[in-house]
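Residue numbers (the numbering used here): 21 to 448. Every residue gets a Cβ at the ideal spot worked out from N, C-alpha and C, and that includes glycine. Since this is a predicted model, take the numbers as computed values, not measurements. Please read the structure below before turning to the comments.
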Amino acid sequence: MEVIKAPRGTRDVLGDESWKWAHVLDVCRKTADDFGYSEVLLPIFEHTELFSRGIGDTTDVVEKEMYTFIDRGDRSITLRPELTASMVRSYLEHEMRRMPQPVKLWSAGPMFRYERPQKGRYRQFWQIDFEILGVSNPMSDLETIDTSMEIYRRLGLTNLQVLTNSVGCPKCRPVYREALKSFISSSPGGLGGLCETCQGRFDRNPLRILDCKIPRCKELTESAPSMIDSLCDECREHFDSVTRGLSRIDADVRIDNRLVRGLDYYTKTAYEILAGELGSQNAVCGGGRYDNLSEAIGGPHVPGVGFASGIERIVLTLEGQGVYIGKKPEIDVYIVTASVDAAIEASALAHELRSVGLAVDLDYARRAMKAQMKHASSIGASFVCIIGGDEMASGAIGVKNMKSGEQMSVPRSETAARIASWGEEMVK
Ligand code: HAM
21 MEVIKAPRGT
31 RDVLGDESWK
41 WAHVLDVCRK
51 TADDFGYSEV
61 LLPIFEHTEL
71 FSRGIGDTTD
81 VVEKEMYTFI
91 DRGDRSITLR
101 PELTASMVRS
111 YLEHEMRRMP
121 QPVKLWSAGP
131 MFRYERPQKG
141 RYRQFWQIDF
151 EILGVSNPMS
161 DLETIDTSME
171 IYRRLGLTNL
181 QVLTNSVGCP
191 KCRPVYREAL
201 KSFISSSPGG
211 LGGLCETCQG
221 RFDRNPLRIL
231 DCKIPRCKEL
241 TESAPSMIDS
251 LCDECREHFD
261 SVTRGLSRID
271 ADVRIDNRLV
281 RGLDYYTKTA
291 YEILAGELGS
301 QNAVCGGGRY
311 DNLSEAIGGP
321 HVPGVGFASG
331 IERIVLTLEG
341 QGVYIGKKPE
351 IDVYIVTASV
361 DAAIEASALA
371 HELRSVGLAV
381 DLDYARRAMK
391 AQMKHASSIG
401 ASFVCIIGGD
411 EMASGAIGVK
421 NMKSGEQMSV
431 PRSETAARIA
441 SWGEEMVK
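Rendered as structure tokens:
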């Protein structure tokens, strides 16, 4: 029988990597506190309708990528492909409109999308997600971009590029849709010059054609009219305020007229942050404004703006840029024992050492002392405490400094203090 493996598009994040994730989450949490976002923990599955109405029926996410199933109560349930719709649902469900506005929320956790897996693209991936709900002022758009860039700055990431655009609103977007459609129809290749997917998008979601990576679609839309030229006065003013504010952010910011996001809830501002180290899946962050999402899921008008960033992609970028984020935590002390009685003594010593803040591990496999010493060295322990026959008789502990090789006998009652002070000296 073949050993069962993890499903395609999922991955185990093992000990040599998971500490980097913990570091990313620590930085996010601290930044969230400094910017006034409070953390919410949201369900991993929701009613399918939340996403089909919130994200949009004609998006790739809803049409092709959702993990949807009927539960035992005959309800259609979907593993969340993103967090924004859930954030807005939670805001409405808990009547956060009654709280002082805006409400700033953040969350992190696994998302699920049935995509074609490749480097930086998985079927289960983690996002951090930050949202500002209840205000339509363009300065809140700016605040979300500032939040993401501050997280990346604190993590030590550089060479990021911020792309922004405005996708308009229900008033001006139809004007642009028509302009784009008539441009495509009257271009030399016409509609038939587009790839099959884009031909399908022509009537349902023509803006997505601008996002197609296939060369002949890119070529055909190269000189397409710019979305910015079709914006209504309100959207234009909003866009101008955001771009003016962005000029003070210390980042490489570009306006990208072709930037359309894969989720239908966006209005006005849309942005992405790219990292060259990621290859073809180069977006480390995506976000924007979604003033009509609340209404789409049955609520009142609640403007909102936010972003999400993939943790796998953040870690890949950290590694690609060779950013030093500290070391994998190591064991300070490994306790080697010679007998059952010594092992009982070791358990008490381990407890004492851990209570003063040292990371301690010990042998439970009853291996020979030589094998235990070898294990201590292989896990990178800084010190080994030895409890052999002599130590049991004398009440002392043998302590070996694994870096210098120095070994000495220390009274049992002084072991914790001695190791702690040697540890401090080693750090100096
Ligand atoms: P999104 O662009 O679909 O936006 O995803 C945001 C980020 O999640 C991407 O930039 C990328 O870093 C990561 N990501 C997306 N799909 C995958 C995948 N299959 N594998 C690995 N990482 C992935 C949203 O999800 C919106 N909810 C963002 C938002 C928040 N807009 C407003 N508020």
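Any non-hydrogen atom of the ligand HAM closer than 6 angstroms to residue i Cβ
{"i": "V3", "result": "This structure does not reach residue 3, given that the chain is present from 21 up to 448, and the question cannot be answered."}
{"i": "T104", "result": "yes"}
{"i": "Y134", "result": "no"}
{"i": "A328", "result": "yes"}
{"i": "Q144", "result": "no"}
{"i": "Q121", "result": "no"}
{"i": "R100", "result": "no"}
{"i": "G307", "result": "yes"}
{"i": "Q341", "result": "no"}
{"i": "Q147", "result": "yes"}
{"i": "E332", "result": "yes"}
{"i": "R141", "result": "yes"}
Interface flag, residue i vs chain C, CB-CB below 7 angstroms
{"i": "G209", "result": "Checking the listed chains, one finds no chain C in this structure; it contains a single protein chain."}
Sub-7 angstroms separation of residue i and residue j beta-carbons
{"i": "F132", "j": "G326", "result": "no"}
{"i": "W146", "j": "I269", "result": "no"}
{"i": "G188", "j": "C232", "result": "no"}
{"i": "G306", "j": "E292", "result": "yes"}
{"i": "I317", "j": "R73", "result": "yes"}
{"i": "S449", "j": "F259", "result": "The chain is shown from 21 up to 448; residue 449 falls before or after that span and cannot be answered."}
{"i": "L153", "j": "V322", "result": "yes"}
{"i": "V356", "j": "I406", "result": "yes"}
{"i": "P122", "j": "G29", "result": "no"}
{"i": "A358", "j": "G296", "result": "no"}
{"i": "L211", "j": "F222", "result": "yes"}
{"i": "S261", "j": "P158", "result": "yes"}
{"i": "E374", "j": "V380", "result": "A quick correction: the sequence has Arg, not Glu, at residue 374. For R374 and V380, yes; Cβs fall inside 7 angstroms."}
{"i": "I75", "j": "V81", "result": "yes"}
{"i": "T78", "j": "N225", "result": "yes"}
{"i": "Y196", "j": "S250", "result": "yes"}
{"i": "Y134", "j": "E85", "result": "yes"}
{"i": "G140", "j": "L338", "result": "no"}
{"i": "Y57", "j": "K124", "result": "yes"}
{"i": "A199", "j": "P245", "result": "yes"}
{"i": "V108", "j": "I334", "result": "no"}
{"i": "M428", "j": "A271", "result": "no"}
{"i": "V280", "j": "L214", "result": "no"}
{"i": "S106", "j": "L62", "result": "yes"}
{"i": "V404", "j": "Y354", "result": "yes"}
{"i": "Q181", "j": "L112", "result": "no"}
{"i": "K420", "j": "W39", "result": "no"}
{"i": "V47", "j": "S127", "result": "no"}
{"i": "V278", "j": "L183", "result": "Sequence check: residue 278 is Arg here, not Val. Result no, Cβ atoms of R278 and L183 do not sit closer than 7 angstroms."}
{"i": "G308", "j": "Y286", "result": "yes"}
{"i": "M382", "j": "A391", "result": "According to the sequence displayed, residue 382 carries Leu and not Met. Taking 7 angstroms as the Cβ cut-off, L382 and A391 do not qualify as a contacting pair."}
{"i": "A362", "j": "M412", "result": "yes"}
{"i": "I148", "j": "S329", "result": "yes"}
{"i": "I351", "j": "A401", "result": "yes"}
Specify whether the stretch 338-357 and the stretch 170-185 touch according to this definition: at least 3 beta carbon pairs, one from each stretch, less than 8 angstroms apart. yes
Three or more C-beta pairs below 8 angstroms linking the stretch 232-241 and the stretch 194-213: yes
Mind pulling the alpha helix (DSSP H) runs of 4 or more residues that sit fully within the stretch 285-325? Qualifying alpha helix (DSSP H) stretches, in chain order: 313-316.
Which runs of the alpha helix (DSSP H) fall wholly inside the stretch 145-203 and span at least 4 residues, in chain order? 158-175
Alpha helix (DSSP H) segments (min. 4 residues) lying fully within the stretch 392-435: Correct list: 409-414.
At 3 residues or longer, and completely inside the stretch 39-127: list those beta strand (DSSP E) runs for me, N to C. 65-67, 87-90, 96-99, all fully within the stretch 39-127.
What residue ranges within the stretch 253-279 form continuous beta strand (DSSP E) runs of no fewer than 3 residues, ordered along the chain? Entirely contained in the stretch 253-279, the beta strand (DSSP E) runs reaching 3 residues are, in chain order, 272-275.
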